[in-house]
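Notes follow once the structure below has been shown.
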Amino acid sequence: KEKSPRQQPFSQVPTKVPRERPTTRPPSQPTPSASPLFMEAVRKNKYEQIVHFLVRHKGCINRQEPGTGLTALHVAAGDGNHAIVKLLLTHRASATVTDRQGDSPLHWACYKGHTPVIRLLVNTGAEINNENKRGFTPIFLSSWRGFLEATRFLLDVGAKVDGKRTAKSTPLFAACKAGHYDVVALLLERK
């Protein structure tokens with residue numbers, strides 16, 4: 001019966017770990033480095049790393065992660081990181097790009113209720129009435145989640161309360177069902 005490394009005396013534990021052969025991928029398959037290197041910096045709020053990376057590699061700003069289609073702007077908007085969103089937009093990040101679910105950075109900011117980021121995105125050209133693949137508009141998401149200030153701002157800039165209704169629901173119905181009566185009152189007042 002062999003002893004496990006914990007049971008063996010220290011001198012008998014192998015010091016060299018066998019190296020695995022590197023695997024090669026066909027060129028058509030994305031490699032881990034195909035996603036933006038600064039995505040992790042955005043996720044971890046490493047502002048300085050992003051600035052330095054952007055200065056050197058402006059072409060990666062709008063690159064989408066394989067699989068999800070997320071960009072750095074999606075992540076920063078969802079996190080409510082106003083400074084990074086502003087930095088990315090200054091370096092021509094697209095405010096209209098959508099991920100695999102059809103969500104724009106504005107959808108992400110509205111879902112989380114980050115009103116300062118929502119203002120910034122709208123003021124730089126984000127489309128306020130776009131539906132994602134589930135039929136949800138940004139105002140639907142902010143209403144459903146009960147974000148009064150975000151919903152008010154979207155109404156102020158012309159968001160449609162009764163859009164195409166692809167989702168078979170309206171922002172008003174979503175706010176009612178979720179019990180966000182202050183948002184319901186606002187939507188009824190503006191209807």
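Residues 1 to 191 in full-length UniProt numbering are what the sequence shown spells out, letter by letter.
Ideal Cβ positions, reconstructed from N, Cα and C, are used throughout, including at glycine.
Whole-number beta carbon distance between residue j and residue i, since they are thought to touch under 8 angstroms
| i | j | result |
| --- | --- | --- |
| residue 96 | residue 126 | 6 angstroms |
| residue 130 | residue 94 | With a Cβ gap of about 13 angstroms, residue 130 and residue 94 do not count as contacting. |
| residue 109 | residue 78 | 7 angstroms |
| residue 69 | residue 92 | Going by Cβ atoms, the distance from residue 69 to residue 92 rounds to 19 angstroms, so no, they are not a contact pair. |
| residue 102 | residue 132 | 4 angstroms |
Close Cβ partners of residue i (< 7 angstroms) along its chain, the five nearest in sequence each way excluded
| i | result |
| --- | --- |
| residue 183 | 143, 146, 148, 151 and 175 |
| residue 82 | 116, 117 and 120 |
| residue 191 | 161 |
Which of helix, strand or coil DSSP assigns to residue i
| i | result |
| --- | --- |
| residue 97 | coil |
| residue 63 | coil |
| residue 128 | coil |
| residue 74 | helix |
| residue 81 | coil |
| residue 90 | helix |
| residue 169 | coil |
| residue 191 | coil |
| residue 152 | helix |
| residue 133 | coil |
| residue 143 | helix |
| residue 107 | helix |
| residue 175 | helix |
| residue 182 | helix |
Cutoff 6 angstroms; reference residue i; Cβ partners in own chain excluding five residues on either side
| i | result |
| --- | --- |
| residue 89 | 124 |
| residue 162 | 170 |
| residue 64 | 71 |
| residue 172 | 187 |
| residue 114 | 80 |
| residue 155 | 190 |
| residue 73 | 88, 93 and 105 |
| residue 185 | none |
Burial state of residue i, where buried means 16 or more other Cβ atoms lie within 10 Å
| i | result |
| --- | --- |
| residue 159 | buried |
| residue 177 | exposed |
| residue 181 | exposed |
| residue 157 | exposed |
| residue 179 | exposed |
Cβ neighbours of residue i in the same chain (closer than 8 angstroms, five flanking residues each side left out)
| i | result |
| --- | --- |
| residue 141 | 107, 110 and 111 |
| residue 32 | Bear in mind that the predicted position of residue 32 carries a pLDDT of just 37, short of 50, making it unreliable; the figure below should be weighed with that in mind. Result list for residue 32: empty, nothing under 8 angstroms. |
| residue 153 | 115, 118, 119 and 122 |
| residue 86 | 120 |
beta-carbon residue i near the ligand PLP non-hydrogen atom, thresh 6 angstroms
| i | result |
| --- | --- |
| residue 76 | This structure lacks the ligand PLP, and indeed carries no ligand of any kind. |
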